[in-house]
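Here is the structure we will look at, set down as structure tokens.
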Amino acid sequence: MEKVLIIGGGGGGLILANHLPRKDFDVTVIDKDEYHYYQPWFLYVAFQGSRRKIWKPIASLLKPGIRFVKDEISEINLDERKVYGTRKTTYDYDKIIIATGTSPDPDSIPGLREIYNEYGDYHSNVQNSLKLWEHIKNFKGGTVALGQAGPVCKCPPSLLEGAFQLEEYLKKKNLKDKTKIKFFTPFPRAYPAEQMNKVVEPMVEERGIEVMTFFDVDTIDTKNKVISSIEGDSINYDLPIIVPPCKGTKIRIVPEKVKNPDRFIITDKKTMRIEGYDNAFAIGDVNTVPTSKTGVTAHLEAQVVSNLLQGVYDEFTGRINCPFDTAYGKATFVIADYENPVVPYPPTRIKHIMKMSMARIYWMTLKGQADPIFDYYFDFTNPKKLNEKYATEA
Amino acid sequence: MTEATIIDSRGSACPGPITDLARAYRNSKVGDLLELWATDKGVQADTAAWAKKTGNEILEVKVDPDKIVVKIKINKR
Ligand SMILES: Cc1cc2nc3c(=O)[nH]c(=O)nc-3n(C[C@H](O)[C@H](O)[C@H](O)COP(=O)(O)OP(=O)(O)OC[C@H]3O[C@@H](n4cnc5c(N)ncnc54)[C@H](O)[C@@H]3O)c2cc1C
């Protein structure tokens, strides 16, 4: 039996573990946390004060026969096939999959740690999202500066989603007239992919959200409440809502060259193999695959690796499918793959219902129980087909 | 002559090549040469706007059958 070690019990790690037939594989999942969190809901915790229970024990999300070990991995030696945990525990393997997601890095920007500790954010964890909700709830007006502090982030739509959620909330609370929302982004426009920007830009304008483009945060002066960019601009704020830069893993990996300067693991974009190793893969947010960092890609990459491990030829198409809540009960999806550009897909109520139902179907997805629905959906929303319909209309 | 750092963004539709360029810019210093490889057609206009805003220089744009190559010199950081 092949010994498979999966580091990280997030979306990618769990889906892979649950897809490997137990008769052929001896699977162990290691995570530093006992619980798995449904991260997309952080948005509603932070901007609506949602108290939904969005976590479950990792062990309960694995099919019978899969081992779960709670341990924080500190080193992976790909040449010796050894993995080291905190209490000097050692694990060995035939195949390894690194699925440790991203880590927020508030210390790489002067002043950001202070903001992170005081105001929280809506990308890191539940506690931080609740902290941010406390500030939003008590906000009485002024300038809100909202944006990402570095170019790499999970779920690109989530930035504008935050601005849209905030605007809807302020409107309901009659605080709109007393508030300025300044949305900053290191990119040339509000949404980085141009085709989707065309769809959402009119909403950004209509809702009075001011966009500051090419704004890559350099320093934050917390005493005078000013954010400055590498490009030389600045914003004065009353309430900062800042998503910290996203980095890869802190695990020491031998050889070190498999990590890029931001600690992401250099991975083949079709097979998820770590460069130079046939028996080592990286899936989900931790790899350098040129797609957005989303649960859907982690899911599809996990399925590819599951097939490859079983000797079935497969490759990742680069498919992305990010739900984008445009507020006021509507949503859209950012859909593309390696061959086809983003579809200018208009927001509708149905898509919002789909995004909301995902929070319920999610737990089934992790076990592979929703595969038939997804297979149908992915085919139905194939980016080539959708572009034929929508790209010409736009 | 400094060797160019290659930023391979081929296939990236979203968030797209400009994300990779912004990340490389963060990790760069004055005098560095960057070579951005992309398939996304928007890359030419985006890098031109980026260079104008950041005060950096586009040395060359080459359109190959399989990719667009944008050569950039970092003059300001
Ligand atoms: C606000 C927000 C909204 C989002 N919306 C969407 C959406 O609508 N749709 C979508 O598809 N995606 C969305 N995402 C993105 C999605 O949540 C992530 O892309 C997805 O969780 C990535 O899965 P992963 O398995 O790669 O990593 P993660 O789910 O982050 O899991 C990584 C796991 O590794 C563990 N780990 C880390 N380091 C170690 C270590 N040293 N030792 C042991 N274990 C370790 C962690 O504890 C964690 O359990 C959103 C994200 C945010 C923040």
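From first to last, the protein sequence lines stand for chains G and L.
Numbering (our numbering) for the first sequence: 1 to 394.
Numbering (our numbering) for the second sequence: 395 to 471.
Glycine residues also receive a C-beta, built at the ideal position from the N, C-alpha and C atoms.
When DSSP labels each residue in this structure, what does G/F42 get in the three-state scheme?
Helix at G/F42.
Boundaries of the alpha helix (DSSP H) in which G/K172 is found, first to last residue:
Counting along the chain, the alpha helix (DSSP H) containing G/K172 begins and ends at 157-172.
Is G/I230 near ligand 1, going by C-beta to nearest heavy atom under 7 Å?
Ligand 1 never approaches G/I230 closely enough for any of its heavy atoms to be under 7 Å from the residue's Cβ.
For G/E34, count the other beta carbons within 10 Å of its own beta carbon; 16 or more makes it buried, fewer makes it exposed. Which is it?
Around the C-beta of G/E34, fewer than 16 other C-beta atoms lie within 10 Å, and the residue is accordingly described as exposed.
Whole-number beta carbon distance between G/D121 and G/I242, since they are thought to touch under 8 Å:
The C-beta distance from G/I242 to G/D121 rounds to 6 Å, short enough to fall under 8 Å.
With H, G and I counted as helix, E and B as strand and the rest as coil, what does DSSP make of G/H135?
Here DSSP, grouped into helix, strand and coil, assigns G/H135 to helix.
In chain L, which residues lie with their C-beta within 7 Å of the C-beta of G/G318?
G405, listed in chain order.
Would you say G/P341 touches ligand 1, meaning its beta carbon is less than 7 Å from a heavy atom?
In this structure, G/P341 has its CB at a distance of at least 7 Å from all heavy atoms of ligand 1.
Under a three-way DSSP split, which group does G/E75 fall into?
G/E75 falls in the strand class under three-state DSSP.
Whose C-beta lies closer than 6 Å to the C-beta of G/A397 among residues of the same chain, with five residues either side of it excluded?
Because residue 397 of chain G is not part of the residues shown, which for chain G are 1 to 394, the question remains open.
Do we get a CB-CB distance below 8 Å when we pair L/A443 with the residues of chain G?
With 8 Å as the cut-off, L/A443 counts as an interface residue toward chain G.
Please name the residue in G/I373, G/P240, G/G208, G/T89 whose C-alpha comes closest to that of G/V144.
Restricting attention to G/I373, G/P240, G/G208, G/T89, the CA atom closest to the CA of G/V144 is found in G/P240.
For G/P202, the three-state DSSP class (helix, strand or coil):
Here G/P202 sits in helix by DSSP.
Excluding sequence positions up to five away, which residues of its chain have a Cβ less than 7 Å from the Cβ of G/I220?
Counting only residues of its own chain and dropping the five nearest sequence neighbours on each side, G/I220 has a CB closer than 7 Å to the CB of I109, P110, G111, L112, I115, I227.
Classify G/I209 as helix, strand or coil using the three-state DSSP reduction.
For G/I209, the secondary structure class from DSSP, reduced to helix, strand or coil, is strand.
Member of G/L130, G/A59, G/D177 whose CA lies at the smallest distance from the CA of G/G142
Nearest option by C-alpha distance: G/D177.
How would you write the range of the alpha helix (DSSP H) that G/R113 sits in, first residue to last?
Going by DSSP, G/R113 is part of the alpha helix (DSSP H) stretching over 112-119.
Local conformation of G/Q148 per DSSP, three classes
Three-state DSSP puts G/Q148 in a strand.
Say yes only if the C-beta of G/I96 is nearer than 7 Å to one or more non-hydrogen atoms of ligand 1, and no if none qualify.
No, ligand 1 has no heavy atom inside 7 Å of this Cβ.
For L/D434, which residues in chain G fall below 8 Å Cβ to Cβ?
Within 8 Å Cβ-Cβ: P341.
beta-carbon G/Q165 near ligand 3 non-hydrogen atom, thresh 7 Å:
In the structure on display, ligand 3 does not appear, and the ligands it does have are ligand 1.
Which chain L residues are close to G/A152, counting only those with a beta carbon under 8 Å from its beta carbon?
Looking at the sequence provided, one finds Val at residue 152 of chain G rather than Ala. Residues of chain L passing the Cβ test: T413, R417.
With 16 other CB atoms within 10 Å as the buried threshold, where does G/A394 fall?
Reliability fails at G/A394, whose pLDDT of 49 lies under 50, so the model's placement of it is uncertain and the value that follows must be treated cautiously. Burial check for G/A394: the Cβ neighbour count within 10 Å stays below 16, so the residue is exposed.
Could you please give the first and the last residue of the uninterrupted alpha helix (DSSP H) stretch that includes G/Y377?
Element bounds for G/Y377: 371-380.
Please decide whether L/N469 counts as near chain G, where near means a Cβ-Cβ distance under 8 Å.
Chain G contact via Cβ: absent.
Whose C-beta lies closer than 6 Å to the C-beta of G/D94 among residues of the same chain, with five residues either side of it excluded?
Closer than 6 Å at Cβ, skipping near neighbours: E2, K3.
Taking its Cβ as the centre, do 16 or more other Cβ atoms sit within 10 Å of L/K423, making it buried, or is it exposed?
L/K423 sits exposed, since fewer than 16 C-beta atoms from the chains shown fall within 10 Å of its C-beta.
Interface positions of the region 97-108 of chain G facing chain L (Cβ-Cβ less than 7 Å), listed along the chain
Those residues of the region 97-108 of chain G that come within reach of chain L (Cβ to Cβ, closer than 7 Å) do not exist; the list is empty.
So, helix, strand or coil for L/G425, using DSSP?
Coil at L/G425, not helix or strand.
Leaving out the 5 sequence neighbours to the left and right, which residues in its chain are closer than 6 Å to G/F374 when beta-carbon positions are compared?
Answer for G/F374: no residue qualifies.
Given 7 Å as the limit, tell me if G/L43 has its C-beta closer than that to any heavy atom belonging to ligand 1.
The answer is yes for G/L43.
Under 8 Å between C-beta atoms, does L/E429 make it to chain G?
The C-beta of L/E429 comes no closer than 8 Å to any C-beta of chain G.
Counting only C-beta atoms, is L/P459 closer than 8 Å to chain G at any point?
No, L/P459 does not count as interfacial toward chain G.
Quick check: does the Cβ of G/E210 come within less than 7 Å of any heavy atom belonging to ligand 1?
Every heavy atom of ligand 1 is 7 Å or more from the Cβ of G/E210, so no.
Using alpha carbons as the reference points, say which of G/V199, G/M196, G/T179 lies closest to G/E210.
The option with the nearest alpha carbon to G/E210 is G/T179.
Straight-line Cα distance separating G/K269 from L/V463
Looking at the two C-alpha atoms, the distance is approximately 19 Å.
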